[in-house]
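Residue numbers (the working numbering): 42 to 187.
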């Protein structure tokens, strides 16, 4: 029996769709900012990352801000920090500090029960691309004649 072509594979097209959507979200987050919050929890989508935050002060349910004025590196790191921790080094000029230093400086002024987690889009793409590639390789190996 002849194997079905790759263009008819649901796995292939699902992976393409997810990758396209994630890359589009990454590009869009560098241009615009979105936010959703409920009570003390908030999710932000900006600067090429998705941020989840437990804050001390509740904000509006949904907000959208205009274009992002700052420009950050394309590959930001994964960050997790709690409130009340001392900032790393002296941040005299906050606007010149890195994204991570600005975030840690902000969290140093928050109460200890608050936290923030930053997940960059490149990590989401990697988390999708690895299993997707593995499934495509498994499909190719499975359909190869003996």
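Think of the CB as a built atom: it goes at the ideal place given N, C-alpha and C, for glycine as much as any other residue.
All values reported here derive from a predicted model rather than from experimental measurement.
For residue i, three-class secondary structure by DSSP
| i | result |
| --- | --- |
| residue 93 | strand |
| residue 151 | coil |
| residue 162 | helix |
| residue 67 | helix |
| residue 77 | strand |
| residue 49 | helix |
| residue 61 | helix |
| residue 113 | coil |
Whether residue i touches residue j by CB criterion (9 Å)
| i | j | result |
| --- | --- | --- |
| residue 157 | residue 95 | yes |
Other residues of its chain near residue i: CB distance less than 6 Å, five sequence neighbours each side excluded
| i | result |
| --- | --- |
| residue 67 | 89 and 162 |
| residue 113 | 88 and 140 |
| residue 59 | 169 |
| residue 155 | 95, 96, 97 and 124 |
| residue 91 | 160 |
Same chain, Cβ closer than 8 Å to residue i, five either side skipped, listed in chain order
| i | result |
| --- | --- |
| residue 144 | 120, 122, 157 and 159 |
Pairwise C-alpha distance: residue j and residue i
| i | j | result |
| --- | --- | --- |
| residue 184 | residue 49 | 13 Å |
| residue 97 | residue 63 | 30 Å |
| residue 168 | residue 61 | 14 Å |
| residue 65 | residue 171 | 19 Å |
| residue 83 | residue 151 | 15 Å |
message: Whether or not the stretch 139 to 150 and the stretch 167 to 180 are in contact is what I'm after, with contact meaning three or more pairs of Cβ atoms, one per stretch, closer than 8 Å; do they touch?
response: Using a Cβ-Cβ distance cut-off of 8 Å, the stretch 167 to 180 and the stretch 139 to 150 are not in contact, since fewer than three pairs of beta carbons, one from each stretch, lie closer than that value.
- request: Could you tell me whether the stretch 110 to 124 touches the stretch 45 to 57, using the rule of 3 or more Cβ pairs below 8 Å?
  value: Taking 8 Å as the limit for Cβ pairs, the verdict is that the stretch 45 to 57 does not touch the stretch 110 to 124.
query: On the three-pair Cβ rule with 8 Å, is the stretch 55 to 75 touching the stretch 83 to 100?
result: Touching, yes.
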